[in-house]
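Each remark here refers to the structure printed beneath this line.
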Amino acid sequence: MTRRTLSLSLALCLLAMSAMTTNAQRRGAKKPARTPAAPVSAAKAGDEVLMPTSSPLISFRILFMTGSAADPAGKEGLANLTASMLSDGGSRLMSYDQITEAFYPMAAGFSSQVDKEMTVFTGTTHVDNHSRYYAIIRQMLLDPGFREDDFARVKTDAVNYLKVSLRQSNDEELGKEALYNIIYAGHPYGHHNAGRVSALESITLQDVRDFYRANYTRATFVLGLAGGYPKDFPAKVRADFAKLPAEQTPVNNFFTPHLEPGTQVEIVKRDTRSTAISIGFPVNVTRADKDFAALAVAASYFGQHRSSNSYLYQRLREARGLNYGDYAYVEYFPRGMFRFEPEPNLGRQQQIFQIWIRPVEPQNGHFTLRAALYEFDKLVRDGISQESFEQTREFLSKYVNILTQTQNARLGYALDSRYYRVGDYNQFMREQLAKLTLADVNRAIKEHLLTNRMRIVVVTKDAEALRDAIVANKPSPITYNSPKPQRIMDEDKVIQTYPIEVKAENVRIVPVDQVFQ
Amino acid sequence: MKSSILISLLLCLPAAALAQGRGGGRAPQKKAAPSQQRKIFPYNYTIDDLPNGLRLVTVPTDQPNLVALYIVVHTGSRNEVEPGKSGYAHFFEHLMFRGSRNFTPAQRDEILKRTGASSNAYTSDDRTVYHEVFSKEDLDKVMELEGDRFKYLQYEPAEFKTESLAVLGEYNKNSANPTSKLFEVLRETAFKTHTYAHTTMGYVKDIEDFPNQYEYSRQFFSRYYRPENVTVLLVGDVTRERALALVKKNMGDWQRGNFTPDIPKEPEQDAPREATVEWASPTLPYLAVAYRAPAYSDEAKDKIALDLLSSIAFGENSDIYQKLVLKEQKVDFVSAGADDMIDPELFTVFTRVKKEEDVPYVREQVLATVKRYSTELVPQKKLDDTRSRFRYGFAQAMDSSQAIAGALAPYLALRRTPETMNKLFALADTVTPQDLRDMAAKYLKESNRTIVTLATKKGGGAATGGAK
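Going down the list, the protein sequences come from chains Z and C. Quick note: the first sequence, position 327, residue 327 per my numbering, numbers continuous. Quick note: the second sequence, position 54, residue 1054 per my numbering, numbers continuous.
Rendered as structure tokens:
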């Protein structure tokens, strides 16, 4: 429930930076088990989202429908490096230092975010500066410099992001991203958006040029513009980007991953003070599916992001003081420790249901894992109550206004709505929620969250002891620093021996330096 | 180019900026005089002082439906004057969510849930800020909740102890990041007397002792959670009349206090200081070069001059950034800044070095840059470009009622009025290249300096050098 000193926030922000992601060629994939209801992974030429307003600011979200799922095998990280070369490198006419010089008095920036299927370039300028600003970013995207010195820098940044910032500085994000890698092993989503360390080292500047040529096309381009831009401005941008090659990028229908039945646990061994836990499994539901609102209610009820208004948080943190917070998600939400609201433009055909348990004292790791699974099983078994349903529905119906309170966020959500084909996001969610009944939610919970393919990642120091305890289903009693109500003590007795049914061979220990390798 | 970082930096700087033509101030607005047209804070606002000392600042905006409520308590870790109490202001922030006379935590959560609110709080050295964003129709209920907890906070010793564990959990999650430790050591090295010697999070030994300090928590509440020490800020789809009526109704009978903390003065530093941190797991080395910096002021030029120079000397298009980040690629970032603080704190240059053997070189480059600006004059154009950057940076950050409230809160903690931002900007316009040089010579001198380096402990695993 807190931030700390501003300087420290800044430092953490800097570490979080490399907000990396990419696009690339789809790797070999197994036959789809199921494809989503309405996949949209390619843009039609001329696709755009325009939101003219009277604001003195102009927001750009220039989207390319390509991402890290398009990384060729052995070149994982190529999509991210390509995007970084455009947003953090020079154009043919201007070196990167000249660009920073030009942006300086405008307080302008230009950044990229790469996810599995989307790469978005974002920037905001005051209307006073829009011509100068646009002239520069147009060159960056359409006439990139692809210089060797820029390439060496962005590649090192990507490697250090994985090796230092993620592996060694943020156990929570490490666990969450490792969970995705495990669930999507063998799938085009199966590596971090920034790539793999060993693959990054083999990527060349020629690879970047080739990727750019193949994936930055009229077919993948979607223009997003909002704010007080001049009337004729979109036509000018459209004409400029019409110079992109016309190549059609094949539509990718990403399949739901095939997971072996049974629970699997990966313990990432790292010399760290506390124990971070992430739990998840695939769900066949995106915003494009009829059950999205129902699952959104279930996830919000169970674990609304960074909110005390949720069940798991109440049980683990408020009642027991186990940690700082406990949340649940039905959509990818990276960097959640730095943000209250998710970034837009992380649209995916495939999502997972995820539970994020913030770090606990190591001696409580086994108990907390059991408690999370116990509460989750209860959710699936009992569903939610009429009262909780109504409260959560009311919350989400109003919360959409907070998600979209800035012009930049509204533009991002509008682009995502185009991808999922759902219309205006706020209206869509409010309508879906209004139609929903408790029975819909509880049916959706049973249908989508009942799983025998749970995947668990734990980041901890004493990996062997935890593995042995899990495999042996050893009791994990807990003690507190204050008296607890009898109902908590009774519940603890159940939790401390709550079985985690997992075969010994499915509890693996992985040294941290092998994660993202 | 990482715009998110840029915005963070700009928010840390005293946002000099801009007006989009609207005047500000308490008086009924007349047509703005030319000088007012460049006010950095472009919104009309009102200030109302209640007889009990509570201040209300209301900023209506044209963003429909939403209201941002920020309650600024002028108390932070700076107030932790007693030994063993580091981190207490932050811990107390947590306790404010543990129930009040008329609302249990569960009732509070249920009410806020039905409002669709985004609700949280944060603590820094000089302030504790409770904030909510919600639909305007829920303002009455939210103000009732807030009035109740600020007047009648109530929690049992058992709940108090449980909450202390959540704070320990917060410490634990942060502890994975080596910069947490680096800043802890930087503060305790640079300060020997003032409470800025410890971070807002506090020392883990003090956090572990929180469960034993229930009585002190009641004392802390009685000292600092008083109307004369609090400013209520409402921004968004709200009128002054409604805001004032609700604040009077819910907080008008809040009893004034009389506690004045005795914050120890830090003596002048007379020699450079240095510390190193050995980190148990592999990391790239970090380097922090800090100097005692002036306190916030909207009247004396030194602090705003430092902010301008910080951007010129260490910003993204500074010579050192271009050299170390882009050309030689010795470091992966350089950042610099001094927060706006009640008392003099630190100006810190912070960087992460790609190879441990380059740390001495990078340090030398940072020191040479500092020395250069103590003797050289900055070109006038560079100074003007920097003022422009501050102006546009601030305007671009003001993109929602919540963002406006978030930017205002630190200034209300410092001066209790948005007008301080306008004064600061007007002051920035008067800064000359000579002022920058004089300020640098005065503050960025060796005897004011503290350097902290952090690197992997020998034998603790290989540091990584990247792809090159």
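Note that CB positions come from ideal geometry on N, CA and C, so glycine has one too.
| Asked | Found |
| --- | --- |
| Expected contact under 8 Å - CB spacing of ALA70 (chain Z) and ASN215 (chain Z) to nearest Å | 6 Å |
| Beta bridge counterpart(s) of TYR1130 (chain C) as assigned by DSSP | C:ILE1071, C:ALA1121 |
| Member of Z:ARG132, Z:ALA298, Z:ASN193, Z:PRO56 whose CA lies at the smallest distance from the CA of GLU447 (chain Z) | Z:ALA298 |
| Where VAL512 (chain Z) sits in the DSSP three-state scheme | helix |
| Helix, strand or coil at ILE1342 (chain C) [DSSP, three-state] | coil |
| Neighbourhood of VAL154 (chain Z) by C-beta distance below 8 Å, restricted to the same chain and skipping five residues each side | LEU81, SER84, MET85, ASP88, GLY89 |
| Identity of the residues DSSP links to VAL507 (chain Z) by a beta bridge | Z:VAL265 |
| For PHE1333 (chain C) and LYS75 (chain Z), the rounded distance between their alpha carbons | 26 Å |
| Beta carbon of VAL1277 (chain C) nearer than 8 Å to that of MET1143 (chain C) | no |
| Span separating the alpha-carbon of PHE376 (chain Z) from that of VAL1059 (chain C) | 44 Å |
| Burial state of GLN206 (chain Z), where buried means 16 or more other Cβ atoms lie within 10 Å | exposed |
| ALA288 (chain Z), DSSP secondary structure in three states | coil |
| Burial state of LEU1377 (chain C) (16 or more Cβ within 10 Å) | exposed |
| Under 8 Å from the C-beta of GLN1365 (chain C): neighbouring residues of chain Z | Chain Z residues near GLN1365 (chain C): none, gap ~16 Å exceeds 8 Å. |
| Burial state of ASN1229 (chain C), where buried means 16 or more other Cβ atoms lie within 10 Å | buried |
| Euclidean distance between Cα positions of ASN364 (chain Z) and LEU322 (chain Z) | 8 Å |
| Any chain Z beta carbon closer than 8 Å to LYS1113 (chain C) | yes |
| Per-residue burial, PRO499 (chain Z) [other beta carbons within 10 Å of its own, 16 or more giving buried] | exposed |
| Chain-ordered neighbours of LEU57 (chain Z) on chain C, where CB pairs are closer than 8 Å | ALA1395, GLN1396, ASP1399 |
| For PRO282 (chain Z), the first and last residue of its enclosing beta strand (DSSP E) | 275-283 |
| First and last residue of the uninterrupted beta strand (DSSP E) at PRO1105 (chain C) | That residue, PRO1105 (chain C), is in no beta strand (DSSP E); its alpha helix (DSSP H) goes 1105-1115. |
| Given 8 Å, three or more beta-carbon pairs between the stretch 1408-1418 of chain C and the stretch 1066-1077 of chain C | yes |
| Any C-beta of chain C under 8 Å from that of MET106 (chain Z) | yes |
| Straight-line Cα distance separating ARG1149 (chain C) from ARG508 (chain Z) | 48 Å |
| 8 Å Cβ cutoff, GLY423 (chain Z) in contact with chain C | no |
| Chain-ordered neighbours of PHE428 (chain Z) on chain C, where CB pairs are closer than 7 Å | Within chain C, no residue comes near PHE428 (chain Z); the closest Cβ sits about 16 Å away, beyond 7 Å. |
| The stretch 1085-1097 of chain C in contact with the stretch 1204-1214 of chain C per 3-pair CB rule at 8 Å | yes |
| Run of the beta strand (DSSP E) containing GLN1434 (chain C), from where it starts to where it stops | It is not in any beta strand (DSSP E) - GLN1434 (chain C) instead sits in the alpha helix (DSSP H) that spans 1433-1443. |
| Test: GLU172 (chain Z) CB closer than 8 Å to a CB of chain C | yes |
| Buried versus exposed call for GLU173 (chain Z) [16 or more other C-beta atoms within 10 Å across all chains shown] | buried |
| Residues bridged to ARG455 (chain Z) (per DSSP) | Z:GLN264, Z:GLY280 |
| Any 3 or more C-beta pairs closer than 8 Å across the stretch 1429-1437 of chain C and the stretch 1374-1394 of chain C | yes |
| The alpha helix (DSSP H) enclosing THR1231 (chain C), as first and last residue numbers | Careful: THR1231 (chain C) lies outside any alpha helix (DSSP H), inside the beta strand (DSSP E) at 1230-1236. |
| Any C-beta of chain Z under 8 Å from that of GLY1024 (chain C) | Because GLY1024 (chain C) carries a pLDDT of 33, less than 50, the predicted location of this residue cannot be relied on, and the following value inherits that uncertainty. Chain Z contact via Cβ: absent. |
| Chain C within 8 Å of GLN386 (chain Z), Cβ atoms only | no |
| Neighbourhood of PRO511 (chain Z) by C-beta, 6 Å cutoff - its chain only, sequence neighbours within 5 removed | LYS269 |
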